[in-house]
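Position 6, counted from 1, in the sequence shown is what our numbering calls 124; the numbers after and before it change by one each time, with no gaps.
In this text, a Cβ means the ideal position worked out from N, Cα and C, and glycines have one as well.
All of these numbers come straight from a predicted model, not from anything done at the bench.
Presented below is the structure to which this report refers.
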Amino acid sequence: MHEYGVAMEVYKAVMDAASKNDAIRVISIYLELGELTHINSEQLSFCFEIIAKESLAEGADLNIMQIPPTIKCKCGYEGVLDSHNSSNCDDTKQYRALSDLALSIVCPECENSLPGLISGREINVRDIKIEVGENA
């Protein structure tokens, strides 16, 4: 299960930050998740909940913000990838491999077939809200 490994890495990052800031409880976590990672948000949340049991992060709200794929072209165009800039597919979620997607992206401004992919693959812990003890 791909989501379990990602949930474990998120948990480690959260616990590291909580430890460095003398947290007594993790209240919420804000995670950016690129759509091209093909990670199921519900499964990720479920795995995180299991991993966080009996820790400072137990019961923390995991807020996941989906990041759409964004392209940038040499002509100066920058925008969200959608079915209009994909030459081989009506729905970008149908791509099974990032390499398939990269070969079919077309700039909507100049029709260059090789614009760069600048977002949509990330997994970032953007923010963590914690509770600190009175002595901290």
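- The residues I189, C225, P226, E227, C228, P233, in chain order, have a CB closer than 8 angstroms to that of Y195 in the same chain once the five nearest residues on each side in sequence are set aside.
- The alpha-carbon separation between K192 and N139 amounts to approximately 43 angstroms.
- Bridge partners of A141 according to DSSP: V250.
- M183 and R244 have their C-alpha atoms some 10 angstroms from each other.
- Measuring C-alpha to C-alpha distances from Q161 to each of L180, S146, I145, L174 identifies L180 as the nearest.
- Shown here, D200 sits in coil according to DSSP, grouped into three states, outside any helix or strand.
- For F166, same chain residues with a beta-carbon under 7 angstroms away, outside a window of 5 residues either side, are A125, V128, Y129, L180 in chain order.
- Linking L235 to Y122 through their CA atoms gives a straight-line distance of about 26 angstroms.
- The beta carbon of N230 is closer than 8 angstroms to those of C191, K192, C193, V224 in its chain, skipping five residues each way along the sequence.
- In the DSSP assignment, N242 is bridged to E150.
- Distance between E172 and A178, taken at the CA atoms: about 12 angstroms.
- Of the residues assessed, V250 falls on the exposed side of the cut-off, its CB having fewer than 16 other CB atoms within 10 angstroms.
- Here the alpha carbons of S163 and V132 stand approximately 14 angstroms from one another.
- CA-CA distance, A136 to D200, rounds to 38 angstroms.
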